[in-house]
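> I am attaching a structure below and will ask some questions about it afterwards.
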Amino acid sequence: MGSWTTSVLVPGPREEVFALFADRENYRALVPPVGARLVRPGRDRRQGEGAVHRVGLGPLGLREQIVALEPGRSFTYRAVTPLPVRHYIGVVDFHDDPRGGTRVDYTLDVEAVVPVPGPLLAVVVAGLAGGLARGATRELRRRTRG
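One gets my numbering by counting positions in the sequence shown from 1 and adding 25 to each.
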């Protein structure tokens, strides 16, 4: 199928932005109505490598496992729920942006069993990344106001 990447700018320090994105249990607050629930904690930390989350909208969802985590820099996850895909990997990278804030590069790499239009997946990736960025921006502003 292919790989889709979108980049968003979040006006906050990289470490804080990473913490908001990587703690998937915050997703309901960041991107309602998407929710995430920890099914199994990671090996070394609750949200770390090996952690499995159920992510979705109500009864519609999938389980994703964190397969790589570099605190403050990136995390990678894969689908572990049976889906009509052979391959489903998400990579989220965080970079200090020279304009200030944090650039988040969100990539989804999918090989579907059933053909899915590439433009549809591009919209999904952009929508999720944009929603997370808006939610993280709101949360960072809330924290600075006290």
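Note that beta-carbon positions come from the ideal geometry of N, C-alpha and C, so glycine has one too.
Considering just the uninterrupted stretch of the beta strand (DSSP E) at glutamate 95, what are its terminal residues?
On the sequence shown, position 70 is the one that residue 95 refers to. Residues 85-95.
> Leaving out five residues on either side along the sequence, give the residues of the same chain with a beta carbon under 7 angstroms from the beta carbon of leucine 87.
Walking along the sequence shown from the start, residue 87 turns up at place 62. Val80, Gly81, Ala104, Thr106, Leu108.
> Are serine 99 and aspartate 121 closer than 8 angstroms when you measure CB to CB?
For the purposes of this step, residue 99 is taken as the residue at position 74 of the sequence shown. For the purposes of this step, residue 121 is taken as the residue at position 96 of the sequence shown. No, the Cβ-Cβ distance between serine 99 and aspartate 121 is not below 8 angstroms.
> With DSSP as the reference, label valine 135 as helix, strand or coil.
Start at 1 with the first residue of the sequence shown, and residue 135 comes out as number 110. Strand, per DSSP.
> Got a sec, what are the start and stop residues for the alpha helix (DSSP H) valine 35 sits in?
The residue labelled residue 35 in the question sits at position 10 within the sequence shown. Segment 27-35 is the beta strand (DSSP E) holding valine 35; no alpha helix (DSSP H) there.
> Roughly how many angstroms lie between the CA atoms of glycine 27 and arginine 163, to the nearest whole one?
Your numbering for residue 27 matches position 2 in the sequence shown. Your numbering for residue 163 matches position 138 in the sequence shown. Each residue's Cα considered, the two are about 32 angstroms apart.
> Rounded to whole angstroms, what is the Cα-Cα separation between tryptophan 29 and glutamate 95?
Taking the sequence shown and counting its residues from 1, the one referred to as residue 29 is at position 4. Taking the sequence shown and counting its residues from 1, the one referred to as residue 95 is at position 70. Looking at the two C-alpha atoms, the distance is approximately 21 angstroms.
> Could you compute how far the alpha carbon of glycine 125 sits from the alpha carbon of valine 35?
As a first step, residue 125 must be located in the sequence shown, where it is residue number 100. As a first step, residue 35 must be located in the sequence shown, where it is residue number 10. Straight-line Cα distance between these residues: approximately 9 angstroms.
> Tell me which residue opens and which closes the alpha helix (DSSP H) that threonine 162 is part of.
For the purposes of this step, residue 162 is identified with residue 137 of the sequence shown, where counting begins at 1. From DSSP, the alpha helix (DSSP H) with threonine 162 extends over 143-170.
> Tell me, please, which residues DSSP counts as bridged to alanine 61.
In the sequence shown, residue 61 corresponds to position 36, counting from 1. BP columns for alanine 61 point to Val80.
> Ordered along the chain, which non-local residues of its own chain (more than five positions away) have a Cβ less than 8 angstroms from that of alanine 137?
Position 112 of the sequence shown, counted from the first residue, corresponds to residue 137. Hits under 8 angstroms: Met26, Pro109, Val110, Arg111.
> Comparing C-alpha positions only, which one of Val148, Arg128, Val149, Pro142 sits nearest to glutamate 41?
Against the sequence shown, residue 41 aligns to sequence position 16. Nearest of Val148, Arg128, Val149, Pro142 to glutamate 41, Cα basis: Arg128.
> Looking at glycine 155 and the ligand FAD, is the gap between the Cβ and the nearest heavy atom below 7 angstroms?
Among the components of this structure there are no ligands whatsoever, and the ligand FAD is therefore not found.
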